Structure formats: structure tokens, C-alpha cells
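Encoded as C-alpha cells, the structure appears first; notes follow it.
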Amino acid sequence: MHHVKIAHKLENMVVFLSSIAPYICIIILKNENVMKAVVKNLTVVAVLLVSAMGLANGTAADFGKKVTAKNEVEKRLINIELDPVFVKKGQKVMMNLLNVSQDKVTLKVYDSQDRLVYNESISGKLVVEKAFNFEKAFEDKYTIVVSDKNGTYTETMEVR
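According to this note's numbering, the sequence shown holds residues 1 to 160 in order.
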């Protein structure tokens, strides 16, 4: 707030001095030293005015600190990690994974004794979809494991 008041006072003083400067110069043209002093003072006042106007755009707490201008836009990249979606319907499990990188995705199914029952690798697909049908499976607890470059995800299915 003080910076704005100072800027207005300095601006008024510069306007006043600039309006009377030609008259002062005409009157005292004969004395070069006085003319040099007037030009020097007008230059100092102009520099002070520009500095005060620059400070008036910020707050007192921002004085001397590097701040971002209010009209600049900061750009940021958004990183989205998508986990697979598992949907259970009866004795079936449907899995969907958005594979933006289209890298290798590994699908595995283990039984309760950690024996590998199913194994498949898929690459080059944007959307990886798989339906696991446990209708004819033995009674057990199965674990579906989906692995891609972002991580490993699991879902369990109990057949009774």
C-alpha cells in the first residue's frame, strides 16, 4: 500500500517538474551549472518513479524476493496412473486395463498353494481385456495377478 502512495506522489512530482522544466530552462539558460543540476535531478526523479512503480506491483513481503508475475501461466505435466478394473459376476472375473504405453502386460492365475494355473503375456494393445471363467474350476481360492511397467495388481476369487 505504501509503495502505491509513493508511486503516485513521485508520479505527480515528475508530471509537475516536467511541465515547468522548459520554463525553468529558458529562464536560467545562461547558467550551465544550474541547467545540468536540473537535468540531473529530473533523471533521478524519473529513475525513482520507475522503481516505485515496479515495487507497487508486489507486496512488502515480496520486496527483494523472486516472485512469479501474476499474468504468467505455469505449465505442469499430468501423470496419471491407471490400475486395472476387476468386475466379478458369479464365477467369472472380468479385467480391463488401459495400457497407454502399450508395453508388455502379464496375466497370471495362482491357486491357494501358489501353483501357476494360467499365464499369458500381452503387448502392443492399448486396452487389455480378459475374462476369467472359474465355473469349471476346482474348489479353491485363486489369485489373479496383473503386472505391467507401473506395478503389480492382484484380485482374489474363491470357488465353492
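Glycine residues also receive a C-beta, built at the ideal position from the N, C-alpha and C atoms. Computed from a prediction, not measured in an experiment: that's the story for all the values here.
Pick from Tyr142, Lys125, Ile80 and Leu77 that is closest to arginine 115, judged by C-alpha positions: Here residue 115 refers to the residue found at position 115 when the sequence shown is read from its first residue. Ranking the options by Cα distance to arginine 115, first place goes to Tyr142.
Three CB pairs or more closer than 8 Å across the segment 125-132 and the segment 93-106: yes
Cβ shell of tyrosine 110 (< 8 Å), same chain only, five flanking positions each side left out: Taking the first residue of the sequence shown as position 1, residue 110 is located at position 110. Within the same chain, tyrosine 110 has close Cβ partners Leu116, Val117, Tyr142, Thr143 and Val145.
Terminal residues of the beta strand (DSSP E) in which serine 123 lies: Counted from its first residue, the sequence shown places residue 123 at position 123. Where serine 123 is concerned, there is no enclosing beta strand (DSSP E), given that its DSSP letter is neither H nor E.
Cutoff 8 Å; reference glutamate 135; Cβ partners in own chain excluding five residues on either side: On the sequence shown, residue 135 is found 135 positions in, with the first residue counted as 1. Closer than 8 Å at the Cβ level, and outside the excluded window around glutamate 135, lie Gly90, Gln91 and Lys92.
Given isoleucine 80 as reference, the closest of Thr154, Glu139 and Asn150 once Cα atoms are compared: Working through the sequence shown from its first residue, we reach residue 80 at position 80. When only C-alpha atoms are compared, the closest one is Asn150.
Reduced DSSP category for valine 146 - H, G, I as helix; E, B as strand; rest coil: Along the sequence shown, read from residue 1 onward, the residue named residue 146 stands at position 146. The answer is strand: DSSP assigns valine 146 an E or B state.
Short Cβ contact (8 Å threshold) for lysine 108 with asparagine 99: Here residue 108 refers to the residue found at position 108 of the sequence shown. Here residue 99 refers to the residue found at position 99 of the sequence shown. Contact: no.
Secondary structure of asparagine 41, DSSP reduced to three states: The sequence position of residue 41 within the sequence shown is 41, counting from 1. The answer is helix: DSSP assigns asparagine 41 an H, G or I state.
Test item: CB-CB of aspartate 148 and valine 105 under 8 Å: On the sequence shown, residue 148 is found 148 positions in, with the first residue counted as 1. On the sequence shown, residue 105 is found 105 positions in, with the first residue counted as 1. Yes, Cβ-Cβ distance for aspartate 148 and valine 105 is below 8 Å.
First through last residue of the beta strand (DSSP E) which encompasses glycine 90: By 1-based counting over the sequence shown, the position of residue 90 is 90. From DSSP, glycine 90 is part of no beta strand (DSSP E); its letter is neither H nor E.
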